[in-house]
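Worksheet: one structure, shown below.
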Amino acid sequence: MGLLSLAIGTPIFFGVVLLALGRDEQAPLVRWLALIGALLGLAVTVPLYTGFEVGSAAMQFVEKAVWIERFNVHYHLGVDGISLWLVLLTAFITVIVVIAGWEVITERVNQYMGAFLILSGLMIGVFAALDAMLFYIFFEATLIPMYIIIGIWGGPNKIYAAFKFFLYTLLGSLLMLVALVYLYNASGGSFDLATWQRLPLAAGVQTALFFAFFAAFAVKVPMWPVHTWLPDVHVEAPTGGSAVLAAIMLKLGAYGFLRFSLPITPDAAHQWAPLVIGLSLVAVIYVGLVAMVQQDMKKLVAYSSVAHMGFVTLGMFVFNDLGLSGALVQMIAHGFVSAAMFLCIGVLYDRVHSREIKDYGGVLNTMPAFGAFALLFVMANAGLPGTAGFVGEWMVILAAVKANFWIGLLAATSLILGAAYSLWMFKRVYLGAPAHEHVKALQDINAREFLMLALLAIMVLYFGIHPKPFTDVMDPAVQQLLQHVAQSKLR
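Start counting the sequence shown at 12; every next residue gets the next number (the working numbering).
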């Protein structure tokens, strides 16, 4: 079995084993098994990095076997510099989420942990799939465990939020399925992504396919105006669900643009780039303003995620190396920072059982260690130089200025807005004298919470101070993708 099959199969195997342990009396065993499964899942991804040939744009660790011979569907996996870090990020965040739910989840622990491990394997499958049908199956299958996580362990309106999440993302994906069937026929009966990327297509066909893919991936990112499901889902989802949704699942849509929209329909991508750039700028500016007026901390960070992901789509569609590299860096950085932000909110919610900003004030007085972590993550969310949040945004802003000064200027306003809503939230929640009796009674973070936040803090600082190892791996694949997109495929 290859490394990528192990990376996909290990968490799924442990998840299935956990589902067989059905009684809450076995919760201690379930938690340890979940942690072992998550750690092994992370361990099998490490050789992907240590054995990766830096400087090569080719797919590596390739596995290929016939799956459904009649329809020429293959079990075809591989990673390049674009997908490698997303695989590693997924495995890392899974470990963090298992630690985060260690004491908080007390009912149906096996189902909770099992769902996250299965979800982890499925998401890695999305990033590694080189067969379009395999990609689609993994892409859609990720909805099931997340739907269960929201619907069972969510808040008071969890059923509404779970249905909204499922329906929005499923309906968008149905158009993608139509596009896949068309490309299968046009390519002579192949689901191979590399074959599709070499396929000449008429301008009208490219446009139709571009918008079919756009419907699926824009909802997943999510882009304005199809972002409205995200705040509702974040508010109702358990802390671990919010962390995985923001850190990994939103990246599935952005990754889809890189594997389908740009290389398969390059002419349509260039033609409709102004539309995507416009929608991205609306996300960056308007949604940032919406975040400023939120009174629920989770909603604020949810809208913040929409704004930050606007940088990702903006970087992709300015069509230069700095922009595309910046988009990838922003995807990874946002994975660390958004997970940390939601987990910090979870730490407070576990103690006070409220996400309303007005119910806090002066938390730093009673939780100084936690407050230090929270300040770091808030600063990273605001784009402070030296943190992960700065690198990708700055690269995309420079790329936007290179393409068009006014686009760059509009994009740069996000640094002001990000600082405004992030620091204003920090001021009202953490600074000043304790505003309520329950704040005075708060206990600082325990060893489990410290470990969880410390691991994320290390990554946020390392990525911000020394991003070169990340960009060195990405650059060859980025250059190859840009060269491919620059070539017309009009038939």
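Cβ atoms here follow ideal geometry from the backbone N, Cα and C, with glycine treated the same way. Quick caveat: nothing in here was measured; it's all calculated off a predicted structure.
Length of the line joining the Cα atoms of residue i and residue j
| i | j | result |
| --- | --- | --- |
| VAL115 | ILE163 | 14 Å |
| LEU220 | GLU118 | 45 Å |
| PHE103 | LEU53 | 6 Å |
| TYR513 | GLN494 | This structure does not reach residue 513, given that the chain is present from 12 up to 502, and the question cannot be answered. |
| PRO390 | THR21 | According to the sequence as given, residue 390 is Met; it is not Pro. MET390 and THR21: Cα-Cα distance of roughly 35 Å. |
| ALA383 | GLN282 | 47 Å |
| SER316 | PRO236 | 14 Å |
| VAL293 | ASP307 | 22 Å |
| ALA399 | TYR195 | 40 Å |
| LEU263 | PRO156 | 15 Å |
| LEU128 | ILE368 | 32 Å |
| ARG34 | ARG42 | 13 Å |
| ALA318 | ALA350 | 15 Å |
| GLN208 | ASP483 | 24 Å |
| GLY112 | GLY251 | 7 Å |
| GLY357 | GLY429 | 21 Å |
| PHE150 | VAL255 | 15 Å |
| ILE408 | ILE427 | 13 Å |
Residues sharing a beta bridge with residue i, DSSP
| i | result |
| --- | --- |
| ASP278 | Note: ASP278 sits in no beta bridge, so no partner. |
| ASP142 | ASP203 |
| GLU367 | ASP307 |
| ALA76 | TYR86 |
| GLN71 | VAL90 |
Beta-carbon gap between residue i and residue j smaller than 9 Å
| i | j | result |
| --- | --- | --- |
| ILE19 | ILE135 | yes |
| VAL84 | LEU15 | no |
| PHE25 | LEU40 | no |
| ASP278 | HIS87 | no |
| MET463 | ILE110 | yes |
| ALA190 | PHE72 | no |
| LEU359 | VAL471 | no |
| GLY267 | ILE343 | no |
| ALA393 | SER433 | yes |
| VAL287 | PHE225 | yes |
| LEU273 | ALA227 | no |
| VAL120 | LEU50 | no |
| LEU59 | VAL90 | yes |
| ALA248 | ALA172 | yes |
| VAL374 | PRO445 | yes |
| LEU325 | TRP96 | no |
| VAL295 | LEU395 | no |
| THR424 | GLY299 | yes |
Exposure of residue i, with buried meaning 16 or more beta-carbon neighbours within 10 Å
| i | result |
| --- | --- |
| HIS245 | buried |
| LEU141 | buried |
| PHE82 | exposed |
| THR239 | exposed |
| ILE159 | buried |
| LYS310 | buried |
| VAL98 | buried |
| LYS231 | buried |
| PHE347 | buried |
| ALA258 | buried |
| PRO242 | buried |
| ILE23 | buried |
| MET234 | buried |
| GLN498 | exposed |
| THR525 | The chain is shown only over 12 to 502; residue 525 falls outside these bounds and no answer can be derived. |
| GLY334 | buried |
Complete alpha helix (DSSP H) runs within the segment 139-178 (minimum length 4 residues, chain order):
143-152 and 154-164
4-residue-minimum alpha helix (DSSP H) runs that sit fully inside the segment 372-426, ordered along the chain
374-377, 379-393 and 399-414
Can you check the segment 195-246 for any alpha helix (DSSP H) of at least 4 residues that lies completely inside it and give the ranges in chain order?
204-208 and 214-231
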